[in-house]
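Have a look at the structure below, then the notes.
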Amino acid sequence: MSELTQIRLGGLTKFDKADLGSDPGIVYEESELDSGQHGEVTVFTVMLTMALVSTFAAFLLRKHNEQSFEEDIEIVHPDGRIERRKIRWRANSSEAPEASIIRQIQAGLPGVD
Amino acid sequence: MFDVLDAVVRYEFAQGLMRPLAEGIALFAEHDACTGFTHTISTPMAFAGTLFAQGLATRTNPPWSKMPLVIAGGRLTTAHVRRKADLLMQPFNCSKGGYLPGYLMVKNLWLHNLMALECTHFMDTDFYLQFVRSYFYDDWELVACLLDFDRSDIGALGPIAARIQARMHSFTNGNERQREAERFEQHGLTGRSRFDLKVELGTFQLSYDQFDGPSDRDLVGQQRLSALYVDLFGTWPTSEVDQMLYEMDRETLQFWSTITLGHTNLDGNATGDRLQFNHEGKTLFSTAMPSSLQAGWVGKLDVDIVVDTAQVGMFGFVSAGSKLIDTWKLSNSDIPDHLKSPHIHRTSRSGVMQISQAALVEAMNDESIQIALNHARSELNRITDGIYLFRAIAERSDAEFEEIRNLMHENGLLPLLNNRLQLLSDAAAASLCASVDHNLDSISQFHKWSQSDAYSAISEIGLTLEKHLRLPVFAINNRQLFASGI
């Protein structure tokens with residue numbers, strides 16, 4: 001799998017940003033609100049390399065307190081193509097949570113079995 | 114052109130000065146307000162009661178008795194705890210809306226009025242929400258300052274700032290707060306004061322709360338607003354464009370009580386006896402065919418869901434270009450006609466709005482106007498910080514205040530907790546528990562405390578924060594957390 005493949009997730013708060021942490025492979029962009037939007041504190045979009053997929057999976061589980069959730073992420077391919085994926089976790093699943101999230105993120109990517 | 118500058122400067126300055134307060138009140142509604150023993154209810158709470166938990170709060174007897182449960186169901190969740198923790202680590206300055214300073218100030222005012230000024234009515238936090246909103250926004254003296262045309266542009270700003278500061282000062286002083294609160298509640302039950310703005314072509318009615326007897330400055334504010342209303346709407350324009358602008362401005366006034374919950378563009382397809390609402394090729398839902406359409410029609414639809422706070426009603430509007438296709442009555446209230454017209458004339462209104470805004474931008478591009486505006490804007494940040502920051506935390510020496518202000522400047526309360534994110538999250542969880550009078554143990558099911566248990570966590574938080582803030586952070590009685598200063 002190309003290390004240039006990236007995971008992108010928007011709508012992160014400052015707290016989320018602190019929770020996910022910093023690393024050379026993580027880049028945060030402050031999102032600009034539309035002129036009609038008002039009343040929301042700053043939000044961020046995070047881009048992180050596929051090498052940090054475990055870190056990202058652990059963050060998603062903390063964000064949702066290991067309860068059932070759905071998150072819309074984007075996979076940014078090395079050729080610039082952006083693919084939307086819905087990551088789902090069900091608390092009553094028999095699969096280990098982090099492994100399940102990683103599997104869904106990496107599914108179909110070149111270099112991953 | 115300088116008339117334009119004058120209006121823009123007054124508007125931007127007043128809005129900028131009051132924005133942290135507005136955000137603080139909104140955040141108090143989100144994180145703290147809950148119905149209690151008083152007999153009036155805030156508009157946000159009234160809507161929350163009907164929109165959430167399938168209207169449980171309004172369907173059960175006595176009405177609103179289950180509202181704390183509805184609120185607890187929303188607040189005592191992982192997502193809301195993280196949202197509150199995010200607030201507590203926002204910058205402690207007013208440069209980007211002043212969320213944290215505004216929130217801490219509103220919270221500090223609440224605790225001060227409750228404890229030092231002995232206003233027991235404020236134990237009902239939803240009542241406090243109603244009171245504080247009205248205290249600052251039903252202020253005719255502020256109207257008098259905003260519309261003082263004996264002063265122009267920059268010269269008008271000093272009295273506006275002075276009035277806002279004076280109002281904040283008076284809210285922290287006096288020994289009549291409990292009596293004022295009781296009168297306020299009584300007005301809410303018997304009917305608020307009304308003021309009519311009248312011209313030959315119609316009347317616009319305002320409701321407000323009178324905290325003291327009408328003063329001379331109150332009357333000046335009312336007179337100035339009446340004069341402005343007559344100036345704007347007293348004469349029916351002669352040109353068609355001006356007539357359209359006239360109608361749009363009057364509708365904008367009538368819309369002060371409405372909130373658009375959501376707007377979306379969908380693809381419409383009239384088939385058989387149904388109108389389908391589609392998105393990316395999928396049918397989201399369908400309704401009975403509106404009488405204005407026929408089978409086979411295809412086109413773009415604008416869908417708006419609107420709440421009218423004046424009537425506590427919720428409505429839907431479906432339009433295609435300049436045509437209102439359908440209306441949905443989503444509550445017991447009938448749809449007032451004045452709510453329909455913006456959706457009827459959506460396309461033409463949008464075009465006129467764009468022309469108006471382009472004209473305003475062009476007028477503001479004048480170099481001398483830009484100099485005046487930039488000066489006003491640079492002063493605004495300094496003055497706003499001066500109003501809010503020291504009122505957000507307890508009184509202290511200048512040196513101590515500067516030290517804590519610098520500590521909190523970028524990340525709010527987080528540095529005061531030694532940058533321990535989990536402890537900040539514990540503080541958020543505990544404060545949300547206090548807002549709905551829930552036992553701390555009850556949230557241990559979904560919140561992992563950073564210490565061995567909830568009480569150890571809040572003990573550490575209290576010791577650490579009270580040292581810096583000199584405010585009571587948590588108040589506990591019989592293992593029940595009943596008040597929080599954050």
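Line by line, the protein sequences give chains A and B.
Note that the first sequence covers residues 1 to 113 in our numbering.
Note that the second sequence covers residues 114 to 599 in our numbering.
Beta carbons are placed, not taken as given, at the ideal position from N, Cα and C, and that holds for glycine.
Note that this is a predicted model, so its numbers are computed, not measured.
Residue-level contact to chain B via CB, residue i, 8 Å cutoff
i	result
A/V41	yes
A/S35	Annotation note: pLDDT 46 at A/S35 (below 50); position unreliable, coordinate value reported separately. It does not; no Cβ of chain B falls within 8 Å.
A/F59	no
A/K14	yes
A/H77	no
A/N65	yes
A/M1	Annotation note: pLDDT 48 at A/M1 (below 50); position unreliable, coordinate value reported separately. False, the Cβ-Cβ gap to chain B never drops below 8 Å.
Pairwise C-alpha distance: residue j and residue i
i	j	result
B/L332	B/G301	22 Å
B/D415	B/G434	8 Å
B/A135	B/G215	8 Å
B/Q483	B/R490	10 Å
A/R62	B/S557	15 Å
B/R330	B/F284	18 Å
B/E360	B/V343	14 Å
B/L406	B/G211	48 Å
B/W441	B/Y250	32 Å
B/S339	B/V256	11 Å
A/A57	A/R85	14 Å
B/L310	B/Q318	6 Å
B/L222	B/I599	12 Å
A/R8	A/E74	5 Å
A/G36	B/D566	In this prediction, A/G36 has a pLDDT of 47, which is less than 50 and means its spatial position is unreliable; nothing more can be read from the coordinates.
B/I574	B/L530	7 Å
B/T173	B/T163	12 Å
A/A18	B/F160	34 Å
B/M228	B/P585	11 Å
A/L60	B/C147	31 Å
B/L493	B/I267	11 Å
A/S66	B/S548	Note on residue identity: the sequence assigns Glu, not Ser, to residue 66 of chain A. Spanning the two alpha carbons is a distance of roughly 25 Å.
B/L576	B/S538	16 Å
B/G412	B/G347	40 Å
B/K395	B/N382	11 Å
A/I102	A/L52	10 Å
Residues near residue i by beta carbon distance below 8 Å, same chain, minus five either side
i	result
B/D261	A269, P272 and R337
Beta carbon proximity, residue i to chain A, threshold 8 Å
i	result
B/T371	no
B/L545	no
B/Y248	no
B/T316	no
B/F559	yes
B/A198	yes
B/K220	no
B/R462	no
B/K395	no
B/K442	no
B/M202	yes
B/L130	no
B/R264	no
Residues near residue i in its chain [Cβ-Cβ closer than 6 Å; skip 5 each side]
i	result
B/G426	S444 and S446
B/T371	V419 and D421
A/G72	It should be pointed out that residue 72 of chain A corresponds to Asp in this sequence rather than to Gly. The answer, listed in chain order, is K86.
B/P157	A142
B/S155	D239, L242 and Q243
Where residue i sits in the DSSP three-state scheme
i	result
B/F390	strand
A/E70	strand
B/K561	coil
B/A540	helix
B/N226	helix
B/K436	strand
B/A135	helix
A/D19	helix
B/R296	helix
B/S306	strand
A/I105	helix
Close beta carbons around residue i, own chain, < 7 Å, minus the five adjacent residues each side
i	result
B/Q535	S563
B/L259	R123, A127 and I273
Chain B contact residues for residue i, given Cβ-Cβ distances below 7 Å
i	result
A/D19	L534
9 Å Cβ cut-off: residues of chain C touching residue i
i	result
B/R188	Chain labels in this structure do not include chain C; the protein chains are A and B.
Under 7 Å by beta carbon: chain A residues contacting residue i
i	result
B/Y212	V41
B/R490	None at all; the shortest Cβ gap to chain A is about 17 Å.
Proximity test, residue i beta-carbon vs the ligand ZN heavy atom, cut-off 7 Å
i	result
B/L527	Of ligands this structure carries none, so the ligand ZN is not represented either.
Residue i: contacting residues in chain A (beta-carbon distance under 8 Å)
i	result
B/R518	None at all; the shortest Cβ gap to chain A is about 19 Å.
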